[in-house]
Amino acid sequence: MTFNCFCIDEGCKKSNFFQSKKISEVWEFVVERKSLYHEVLVLNEKEEVVIHASNGWIDYPKRWSILDLEHTFVENKKREFNADEFLNAAQGLGFLLDGNAPQSIQEVDSLIMSLYVE
């Protein structure tokens, strides 16, 4: 998949496109420019917005937020699980868990799978 990345300044002028197939390059592009430009947009090959940053804040599509939680708390074997940390991260990404944090990696994995279905 190829991503097209560009910035928009406060005068609504678009920058030149930056194209990449590497997620790491796309992430660097967004992080480096989100505070410098009014908006940063990343589009997929279907011209759908996959990342939008505005005024320094990144708005992720729900799927990317779920992937972030999964990567951080399930796939990262070096990290010791902390229920409060997971709850804060999930709520920070916009998931309302009513203060009920999963207490194990297995519970996190089940919760994440249910989020994909919603």
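The sequence shown begins at 1 in full-length UniProt numbering and counts up one residue at a time. Note that beta-carbon positions come from the ideal geometry of N, C-alpha and C, so glycine has one too.
- Within 10 angstroms of the beta-carbon of V31 lie fewer than 16 other beta-carbons, which makes it exposed.
- Between the segment 83 to 93 and the segment 102 to 112 there are three or more C-beta pairs closer than 8 Å, enough to call the two in contact.
- The three-state secondary structure of H38, taken from DSSP, is coil.
- Annotation: N55 to S35 spans about 7 Å, alpha carbon to alpha carbon.
- Inter-residue distance for V49 and L43 is about 5 Å (C-alpha atoms, whole angstroms).
- In summary, I66 is buried, with 16 or more beta-carbon neighbours lying within 10 Å of its beta-carbon over all protein chains present.
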